[in-house]
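Peer 1: Going down the list, the protein sequences come from chains P and L. As numbered in this note's numbering, residues 1 to 347 make up the first sequence, in order. As numbered in this note's numbering, residues 1001 to 1418 make up the second sequence, in order.
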Amino acid sequence: MSVTIEKPDKSAAAPETARSARSLVDAVFRAREISIAGALALLVLFTWIAEPRFLDGQGIKDLLLNAAILVLLAVGQSVVVITRNIDLSVGSVVGLSAFACGKFVSGTDHGVLTVLALGLLVGAGCGIVSGALVSFGRVPALVVTLGMLYIIQGVDYWWAQGEQINAADVPQSVLDLGSGSVLGIPYLPLIAFVVLAGTAYVLRTYRGGRELYAIGSSPEAARLAGVPIRRRVLAAYLFSGAVSGFAGALWLARFGTVVADNAHGWELTVVSAVVVGGVAIVGGTGTVWGAALGALLLTTIGSALAVLKVDSFWQDAIAGALLLAAISVDRIVRVRMTRALRKRSAR
Amino acid sequence: MGRQPRRALGRIDHKAVRTSTAALMARLGVELDPDRPARGLSIADQQIVEIAKALSFDARVLIMDEPTAALTGSETARLFSVVETLRAEGAAVLFISHRLEEIFELCQRVTTLRDGRWVASEPLSGLTQDALVRRMVGRDLAELYPKQDSRVGETALSVRRLTREGVFRDVSFEVRRGEIVALAGLVGAGRTEVAQAVFGVDRADAGEVRVGGAVLRPGSPTAAMDAGLALVPEDRRQRGLVMEMSIERNIGLTGLDRLGRAGLVRRALERGRAADWAVRLQLKYGSLADHVGVLSGGNQQKVVLAKWLATEPTVLIVDEPTRGIDVGTKAEVHRLLSSLAADGLAVLMVSSDLPEVLGMADRVLVMHEGRLVAEIPRAEATEESVMAAATGLAAATGPTGDDGATGVTGVTAEGTRT
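In structure tokens, the structure reads:
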């Protein structure tokens, strides 16, 4: 035990201390979401001034469409990262699922729901393998999912043999999902939003969600408290896989044309989005809302740079810088907050 | 680390490192291979390495924060002689400890803090232990172990021939309702391991655990909880609490299925439950939504207790319930355990704090090198009898004192902390 002496804060009365301490915690945790939203707003404003077409009807639509799939993946990834694990296989799962769905529907007239269900199943299958290896096999998540990344990619290449699915072969009902909209909002962002909101709700208010956070923050304490750790981690991977597979089906709907290495390298973009969005890479903290904002920010940076005709390699560099900044800020804020709270709670 | 002797080109002079380390070890009077990695050393040996590292600075001012917490008696004596040597060489030593005997043995002046505030600084000569304790506690020590009499009921926990190879063997005991049974012993005797195995955190190789007559499925904390067991672990920060969660969520974590239906967690219920327990345990906090990390050690321990008591257990296992918490909170925890036992709870208390063992337990079980070597009833439990059994000297009970338990003023006789 080390002894730390803090000067008690005599000025504040007890109830007031309580309120200010709580609002401080809330503020800090909302701070991430707010600052990302702020950065996003600034970025959009700046780009809009430089190039007004960026924000016309089509511009916004493109922005949302581009972000939708990344947001979905970020939501799935968050759930895994919250448990102090990682899923690097998401990019290749999207690729495999998109190709599988394409192969399945090309030249047929299968309904759009069948395609989505197929994507979901393919992804869930991949997720359950990763999840079982991580949770029951106790192999480190980084190794398992990196292995899965290459295996799934290999299967995808072998299956595709350089073949490509063309939009012309894909039934119109599927393509409509990618291009259609309701009340001017395209379907894809709507779907992403529904998944996002649903996941956020479950994480906040359901036992399983609460336990995922406990596992990520303190696995030992969670186990002692009777949390079924392996089952929960497996479920997290299953969810991440299913969402990725689902995103693969949406990819097909969006682009129509599918090759074997779709979404190649996306896993790192997704992880960046999640971390930039405030989900701690060591687990236990963060929300899917933040992760979704992170995804939106990264997508917007890409689009803005394209509109401003900046070389695209800058996009990666900026994403990297953001990632480092996010992690450093996390560190500083946490230290500061702990210090401030201790002062406040000193009698 | 960071101060290795260098040779040309900045290479580390491994030979010089080794000899100087060996010299330090000799100065401390210990035999440790300088090449061994620190991991895998016993806690006491790691502590020695830490002290050796501090000594290697040839420090003018040496601050030692509970340096003897993990040391045995002989190791402590060796450390003290080293500290005396340093003092003779003109170094100033700030020695932070809650073991009064050591303070009186080693120090010249003492500064007392209570609840984060300065109380007194004075020379030790002319000060009695009782007086020092009063400064620390702000009241008399007799209140520290408020053991109530309680009626002992039927057997709640029965452990038969529990064995975990290489850790403990053939451990059998019973805890009845209304009873506080202490599990005492030296560092590494296997007490914590027994507690973990009973609760199913570690799987035992043989033997069985019965709770209320029914055999417990081994290796499953969930089954243990369902059967009415609760375990307040030794390591509060690692295993007791989810440090990134709020107070209310920590308290709620053990009973999420009771806080709503179909997996839903009703936050109002959760907060209400946490608030009830906070009042019952006199938790000092800013807001229930605060992170537990901002609480003091004593209040964190209260949260852990609340978390487990909220499961309404029939058997409560507490592992070092008052380690590292201030004396005032310690008394509160003792009062709580005592009143819980009076209400019919069966309490198994693993403790290295001998006065606590003597002051709180109805029976004392003593472990020595993985075996249960003695069972001493309260009336016969003295520091001598418990220590004799713990060091393996004799299973025989020592001189039978009068109920020398309540109001013991001495603090731990030997270094018996895990």
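We treat Cβ as the ideally placed atom computed from N, Cα and C, and that holds for glycine.
Helix, strand or coil for Phe1168 of chain L per DSSP?
Peer 2: Three-state result, Phe1168 of chain L: strand.
Peer 1: Taking the alpha carbon of Trp158 of chain P as the point to measure from, which residue in P:Ala100, P:Trp251, P:Arg331, P:Pro52 has its own alpha carbon closest?
Peer 2: The option with the nearest alpha carbon to Trp158 of chain P is P:Ala100.
Peer 1: Shorter than 7 Å from the beta carbon of Gly256 of chain P to some beta carbon of chain L?
Peer 2: Not one chain L Cβ lies under 7 Å of Gly256 of chain P.
Peer 1: Looking only at its own chain, which residues have a Cβ that is under 8 Å from the Cβ of Ala1092 of chain L, when we skip the five neighbours before and after it?
Peer 2: Excluding sequence neighbours, Ala1092 of chain L sits near Arg1060, Val1061, Leu1062.
Peer 1: Does Pro1146 of chain L come within less than 7 Å of chain P when only Cβ atoms are used?
Peer 2: With 7 Å as the cut-off, Pro1146 of chain L does not count as an interface residue toward chain P.
Peer 1: Rounded to whole angstroms, what's the CA-CA distance from Ala1224 of chain L to Glu1320 of chain L? Just pull it up for me.
Peer 2: If you take the alpha carbons of Ala1224 of chain L and Glu1320 of chain L, they lie about 20 Å apart.
Peer 1: What's the C-alpha gap between Leu1269 of chain L and Arg1249 of chain L?
Peer 2: For Leu1269 of chain L and Arg1249 of chain L, the distance between alpha carbons rounds to 11 Å.
Peer 1: Which runs of the alpha helix (DSSP H) fall wholly inside the segment 147-199 of chain P and span at least 4 residues, in chain order?
Peer 2: If we require 4 residues or more, the alpha helix (DSSP H) runs fully inside the segment 147-199 of chain P come out as 172-179.
Peer 1: Anything in chain P within Cβ reach of Pro1221 of chain L, meaning under 8 Å, just list it in chain order.
Peer 2: Near Pro1221 of chain L (Cβ distances below 8 Å), the residues of chain P are Arg223, Leu224, Ala225, Gly226.
Peer 1: Is the distance from the Cβ of Gly277 of chain P to the Cβ of Leu293 of chain P below 7 Å?
Peer 2: Yes, the pair counts as a contact, with Cβ atoms nearer than the cut-off.
Peer 1: For Arg1239 of chain L, return the contacting residues in chain P, with the cut-off set at a CB-CB distance below 7 Å.
Peer 2: Those are Glu220, Ala221, Leu224, listed as they occur along chain P.
Peer 1: Return yes when the Cβ of Arg207 of chain P is within less than 7 Å of the Cβ of Leu1256 of chain L, no when it is not.
Peer 2: Yes, the Cβ-Cβ distance between Leu1256 of chain L and Arg207 of chain P is below 7 Å.
Peer 1: Check distances from the C-beta atoms of the segment 275-299 of chain P to those of chain C and list, in chain order, the residues that come in under 8 Å.
Peer 2: Any reference to chain C falls outside this structure, whose protein chains are P and L.
Peer 1: Does the Cβ-Cβ distance between Ser244 of chain P and Val94 of chain P come in under 7 Å?
Peer 2: Contact: yes.
Peer 1: What does Gly208 of chain P reach in chain L if we use C-beta pairs closer than 7 Å?
Peer 2: Gly1263, listed in chain order.
Peer 1: For a cutoff of 7 Å on Cβ pairs, would you count Thr83 of chain P as touching chain L?
Peer 2: No, Thr83 of chain P lies away from the interface with chain L (no Cβ there is under 7 Å from its Cβ).
Peer 1: To the nearest angstrom, report how far apart Thr1085 of chain L and Arg1078 of chain L are at their CA atoms.
Peer 2: Cα-Cα distance, rounded: 11 Å.
Peer 1: Under 8 Å between beta-carbons, which chain P residues line up against Val1110 of chain L? List them in chain order, please.
Peer 2: By Cβ distance, chain P contributes nothing, its closest Cβ being about 14 Å from Val1110 of chain L, past 8 Å.
Peer 1: When DSSP labels each residue in this structure, what does Met1349 of chain L get in the three-state scheme?
Peer 2: Three-state result, Met1349 of chain L: strand.
Peer 1: Would DSSP call Asp1130 of chain L helix, strand or coil?
Peer 2: Helix.
Peer 1: Taking 7 Å as the CB-CB cut-off, is Thr1254 of chain L touching chain P?
Peer 2: So yes, Thr1254 of chain L belongs to the interface.
Peer 1: Give the DSSP-derived three-state secondary structure of Phe1057 of chain L in the structure shown.
Peer 2: In this structure, Phe1057 of chain L counts as coil in the three-state DSSP scheme.
Peer 1: With DSSP as the reference, please indicate the residues paired to Ala1158 of chain L in a beta bridge.
Peer 2: The identity of residue 1158 of chain L in the sequence shown is Ser, whereas the question assumes Ala. DSSP lists L:Glu1174, L:Arg1210 as partners of Ser1158 of chain L.
Peer 1: Would you verify that the beta carbon of Thr199 of chain P is, or is not, closer than 7 Å to some beta carbon of chain L?
Peer 2: With 7 Å as the cut-off, Thr199 of chain P does not count as an interface residue toward chain L.
Peer 1: Quick check: is the beta carbon of Arg339 of chain P nearer than 7 Å to any beta carbon in chain L?
Peer 2: False, the Cβ-Cβ gap to chain L never drops below 7 Å.
Peer 1: Determine, using beta-carbon pairs with one atom in the segment 1173-1186 of chain L and one in the segment 1361-1378 of chain L, whether at least three such pairs fall under 8 Å.
Peer 2: Output reads yes: the segment 1361-1378 of chain L touches the segment 1173-1186 of chain L.
Peer 1: Whole angstroms is fine: what's the gap from Leu190 of chain P's alpha carbon to Asp176 of chain P's?
Peer 2: Cα-Cα distance, rounded: 14 Å.
Peer 1: Report the three-state DSSP secondary structure of Lys1015 of chain L (helix, strand or coil).
Peer 2: Lys1015 of chain L falls in the helix class under three-state DSSP.
Peer 1: According to the neighbour-count rule (16 or more other Cβ atoms, all chains shown, within 10 Å of its Cβ), is Arg32 of chain P buried or exposed?
Peer 2: It is buried - the Cβ of Arg32 of chain P has at least 16 other Cβ atoms within 10 Å.
Peer 1: Beta carbons nearer than 8 Å to chain P: which residues of the segment 1085-1101 of chain L have them?
Peer 2: For the segment 1085-1101 of chain L, which is checked against every Cβ of chain P, the residues closer than 8 Å are Ile1096.
Peer 1: Let me check understanding here. Comparing Cα to Cα, which of L:Arg1018, L:Ser1020, L:Phe1057, L:Ser1074 lies closest to Asp1045 of chain L?
Peer 2: Out of L:Arg1018, L:Ser1020, L:Phe1057, L:Ser1074, L:Ser1074 has the C-alpha closest to the C-alpha of Asp1045 of chain L.
Peer 1: Taking Ser92 of chain P and Asp169 of chain P to be in contact with their CB atoms under 8 Å, please state how far apart those CB atoms are, rounded to whole angstroms.
Peer 2: In fact, because the Cβ distance is near 23 Å, the residues do not count as touching under 8 Å.
Peer 1: Is Ser328 of chain P buried or exposed, if buried means 16 or more other CB atoms sit within 10 Å of its CB?
Peer 2: Exposed, since its Cβ has fewer than 16 Cβ neighbours within 10 Å.
Peer 1: Of all the CB atoms in chain P, is at least one closer than 7 Å to the CB of Val1304 of chain L?
Peer 2: Not closer than 7 Å to any Cβ of chain P, the Cβ of Val1304 of chain L fails to qualify, so no.
Peer 1: Please confirm whether Ala236 of chain P has its beta-carbon closer than 7 Å to some beta-carbon of chain L.
Peer 2: No, because no Cβ of chain L sits closer than 7 Å to the Cβ of Ala236 of chain P.
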